[in-house]
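So that you can map any letter, position 63 of the sequence shown is 63 in the UniProt record's numbering, and since no number is skipped, the others follow by simple counting.
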Amino acid sequence: MTTIPPAAAAGLPAAATGPVAFVLGGGGMLGAAEIGMLRALLEAGCRPDLLVGTSVGAINGAAVAADPTVAALDRLTELWSDLGSSEIFAGGPAKRLATVVQHGYLHSNAPLRRLLRQQLPATFEELPVRFQCVAASIERAAAHWFGAGPLVDAVLASCAVPALLPPVRIDDEHYVDGGLIDSTPVGRAVSLGARTVYVLHVGRIERPLRPGRWPWEAGLVAFEIARRRGFADAMANLPAGVTVHVLPVGDGNGAPLLGLRYRSASGVRRRIERAREATAAYLERPAPVGRPQAAAEPARGEREEREVSAR
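Here it is in structure tokens:
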């Protein structure tokens, strides 16, 4: 298993022990909340040794891995605020329909690729903080973790929502959104050596589910059930000595899942600020999940010897 070095003790809140990972989940336009959480963490002096992201969390995570400062979050806030008027998801109904008919997806990923090239270094190796992101391989129907080589294509693959953006071809495989495989990759962070994990989700964990009225809504609900089950399983199987902080998004139950629009940037700054305030309050009185480091389990022969001695 590849591990990561522990963070400097001076950069960690009192309750945290390294190595420290930030896990950034998927969630479309709700991903703006992660910026507020990141700001609260950095302002509290918490610096990651590792960032792990999927889907929109891959975009946010790569940006912070490239520049883990509050100034970088200022730039991300501007980008999120302008997203609704940007060219990334531009085009009226007629243009989108023509794109679907011709290519099978709604939008080209060329505008997003240009934006990522402006904001990110060319390769993973140039990042000052270690970063990995996940995408789903179509050919293998399996997760593929990117952590070396070209960065922009990997991030594009991780956030290639089927039917919204085209699959990304890397070498001989095609990749789509990593959220289909691992929407909140806590297990990956732990497998890489993290012992304190901060989970930056986008509020869907608390959002109530209800049956959909339309076929596409039923599909969304089915995906959300599988996503929540995967996260619950990861949390239930944490190894001893790992502490996980699930950071609050700050809007209670918020808007219902089925009412979200992927191109709507309304309320972005408000969402960011609510998440920052809620996370800052949480860090003052954290309520982590995890099990303490257990004493080593004696080997079978040693147990039998103890039992005989006890008799």
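All C-beta atoms in this analysis are idealised placements derived from N, C-alpha and C, irrespective of residue type, glycine included. If you're wondering where the values come from, they're calculated on a predicted model, not measured in any experiment.
Item: Which whole runs of the beta strand (DSSP E) in the segment 129-210 are 3 residues long or more, in chain order?; Value: 130-137, 142-146, 168-170, 173-176, 196-200
Item: Quick one: what does DSSP say Thr123 is sitting in, helix, strand or coil?; Value: strand
Item: Residues in its own chain within less than 8 Å of His174 by CB, not counting five upstream and five downstream?; Value: Ser137, Ile138, Glu139, Pro167, Val168
Item: Please check the pair Val289 and Val246, which I expect to be a contact at CB under 8 Å, by giving their CB distance rounded to whole angstroms.; Value: 7 Å
Item: Between Leu41 and Leu192, is the Cβ-Cβ spacing less than 8 Å?; Value: no
Item: Would you list the one or two residues that DSSP bridges to Val289?; Value: Val244
Item: Quick one: what does DSSP say Arg276 is sitting in, helix, strand or coil?; Value: helix
Item: Along the chain, where does the beta strand (DSSP E) containing Thr54 start, and where does it finish?; Value: 50-54
Item: Let me confirm a value: Ile181 is counted as buried when at least 16 other C-beta atoms fall within 10 Å, else exposed. Which label applies?; Value: buried
Item: Let me confirm a value: Asp171 is counted as buried when at least 16 other C-beta atoms fall within 10 Å, else exposed. Which label applies?; Value: exposed
Item: What does a CB cutoff of less than 6 Å around Glu34 pick up in its chain, not counting 5 residues either side in sequence?; Value: Leu24, Asn60, Leu200
Item: Grab me the residues of Thr123's own chain with a C-beta within less than 7 Å of its C-beta, minus the 5 sequence neighbours each way, in chain order.; Value: Gly149, Pro150, Leu151
Item: For Pro68, is the classification buried or exposed, using 16 other Cβ atoms within 10 angstroms of its Cβ as the cut-off for buried?; Value: buried
Item: In whole angstroms, what is the alpha-carbon distance linking Ala287 and Pro239?; Value: 18 Å
Item: For Ala44, which of helix, strand or coil comes out of DSSP?; Value: coil
Item: Could you give the first and the last residue of the continuous beta strand (DSSP E) run that contains Leu238?; Value: Counting along the chain, Leu238 falls outside any beta strand (DSSP E), and DSSP gives it neither H nor E.
Item: Decide if Asp82 is buried, meaning its Cβ has at least 16 other Cβ atoms within 10 Å, or exposed.; Value: exposed
Item: I'd like the list of long-range same chain contacts for Pro135, defined as Cβ closer than 6 Å, with 5 residues on each side in sequence excluded.; Value: It should be pointed out that residue 135 corresponds to Ala in this sequence rather than to Pro. Excluding positions up to five away in sequence, the list reads His144, Ala157, Ser158, Tyr175, Gly178.
Item: In whole angstroms, give me the CA-to-CA distance for Arg235 and Arg117.; Value: Looking at the sequence shown, residue 235 is not Arg but Met. When rounded, the distance between both Cα atoms is 35 Å.
Item: In angstroms, rounded to a whole number, what distance separates the CA positions of Gly45 and Phe223?; Value: 36 Å
Item: Use the C-beta contact count for Gly27: other C-beta atoms within 10 angstroms, 16 or more gives buried, fewer gives exposed.; Value: buried
Item: Apart from the five residues on each side of it in sequence, which residues of its chain come closer than 6 Å, Cβ to Cβ, to Pro298?; Value: Low confidence applies to Pro298: its pLDDT is 45, below 50, so where it sits in the model is not reliable enough to give any reading.
Item: With distance defined between alpha-carbon atoms, name the residue in Met37, Gln132, Pro19, Thr243 nearest to Asp74.; Value: Met37
Item: What does DSSP give as the partner residue(s) for Ala110 in the beta ladder?; Value: The partner list for Ala110 (beta bridge, DSSP) is empty, contrary to what the question assumes.
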